[in-house]
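Just so we're aligned, residue 1 is where the sequence shown starts under the working numbering, counting upward by one.
Working notes, structure below.
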Amino acid sequence: MVTRSVEAQAVREPGAVISVAVHAGDPVSGEGAVACLRSTPGITVLPRDRRCEADVLLVTVHQTTEDVICWMERAANESTNPEMRIVLVAETISECHLMRAVTSGLVAFLPREEADRERVVKAIRDNGRDRGLVPEQMVGWLLEQVRMIQRTVLVPNGLTAGGLQDREVEVLRLLADGLDTVEIAQQLNYSERTIKNIVSGMLTRLNLRNRSHAVAYAMRCGAL
1 MVTRSVEAQA VREPGAVISV AVHAGDPVSG EGAVACLRST PGITVLPRDR
51 RCEADVLLVT VHQTTEDVIC WMERAANEST NPEMRIVLVA ETISECHLMR
101 AVTSGLVAFL PREEADRERV VKAIRDNGRD RGLVPEQMVG WLLEQVRMIQ
151 RTVLVPNGLT AGGLQDREVE VLRLLADGLD TVEIAQQLNY SERTIKNIVS
201 GMLTRLNLRN RSHAVAYAMR CGAL
């Protein structure tokens, strides 16, 4: 099965030790995965009671059932590590389960027949290098979901892919050009109070620290 790299969200310092927690569908698979990872430089295996601290959850099961997806969602909600990501090894995964898994932090899916030691370790390490891995067919599923969200949610509500409203993008574009509040208000024919409210609402809604952070965010998500 052909696989392609896809962008992930977490970036870790080169050479940093990656902490991994293992969740397996059967004891034999779990013990084998733990033994494999414990002998791998740069990776430390956490006990079950410290799962919430892990950088990566390695989930190895035969079938990606509803129970497995629900477990992954609980694990993501209980995690105390904001950069926690999931590597899943299974025979297959359905399209609807894939989307829920990605929402929970999935960055790599390995079919069981391809999941040798080298591939599993690479998937775990690539998580810290802004890279993920899924089969080619699943990349198509994800892209179609993005297009559907764009058509049915973002465009009808005047939002960009980064959740920015059209007039917020206009304000950010002028901020990026170096204009201040007064100049932006004049340029857009708004009151200064309106400009301040637009910026304040955007910072609060998207949890951005300041105007510079907002401009950087807009550039990263392709709005500018």
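Built from N, CA and C at the ideal position, the CB exists for glycine as well.
Since this is a predicted model, take the numbers as computed values, not measurements.
For my contact list, residue i and residue j are in at a C-beta cut-off of 8 Å; report their separation, rounded to the angstrom.
i	j	result
Asn-81	Asp-116	With 8 Å as the limit, Asn-81 and Asp-116 do not qualify as a contact, their Cβ atoms being about 27 Å apart.
Arg-173	Leu-206	Wrong, their Cβ atoms sit about 16 Å apart, outside the cutoff.
Ile-274	Arg-167	Examination of residue 274 is not possible in this model, given that the chain is present from 1 through 224 alone.
Val-182	Glu-170	The Cβ separation is near 16 Å, so there is no contact.
Val-45	Val-28	No, Val-45 and Val-28 are not in contact; Cβ-Cβ is about 16 Å, not under 8 Å.
Leu-110	Arg-119	6 Å
Gln-59	His-23	Correcting the residue identity first, residue 59 is Val in this sequence and not Gln. So it is a contact: roughly 5 Å between Cβ atoms.
Ser-19	Glu-53	6 Å
Val-121	Ala-108	In fact, because the Cβ distance is near 11 Å, the residues do not count as touching under 8 Å.
By DSSP, does residue i sit in helix, in strand, or in coil?
i	result
Leu-98	helix
Ala-223	coil
Ala-16	coil
Thr-44	strand
Val-61	coil
Ala-24	strand
If we count the other Cβ atoms within 10 Å of its Cβ and call it buried at 16 or more, is residue i buried or exposed?
i	result
Ala-21	buried
Ala-218	buried
Arg-50	exposed
Val-215	buried
His-213	exposed
Ala-123	buried
Val-17	exposed
Asn-210	exposed
Asn-189	exposed
Arg-85	buried
Could you tell me whether any Cβ in chain B is nearer than 8 Å to the Cβ of residue i?
i	result
Gly-163	Within the model displayed, chain B is absent; a lone protein chain is all it includes.
Would you say the segment 71-78 touches the segment 104-116, given that touching needs at least three Cβ pairs under 8 Å?
Cβ pair count under 8 Å is three or more, so yes.
Taking only runs of the beta strand (DSSP E) that begin and end inside the segment 65-112, which ones reach a length of at least 3 residues, in chain order?
Listed in chain order, the beta strand (DSSP E) runs fully inside the segment 65-112 are 85-90, 106-111, counting runs of at least 3 residues.
If we count Cβ pairs, one from each stretch, closer than 8 Å, do we get three or more for the segment 49-67 versus the segment 89-97?
Yes, since at least three Cβ pairs between the segment 49-67 and the segment 89-97 fall closer than 8 Å, the two stretches touch.
Can you give, in chain order, each stretch of the alpha helix (DSSP H) that sits fully within the segment 172-222 and has at least 4 residues?
Counting only runs of 4+ residues, the alpha helix (DSSP H) found wholly inside the segment 172-222 occupies 181-188, 192-205, 211-220, in chain order.
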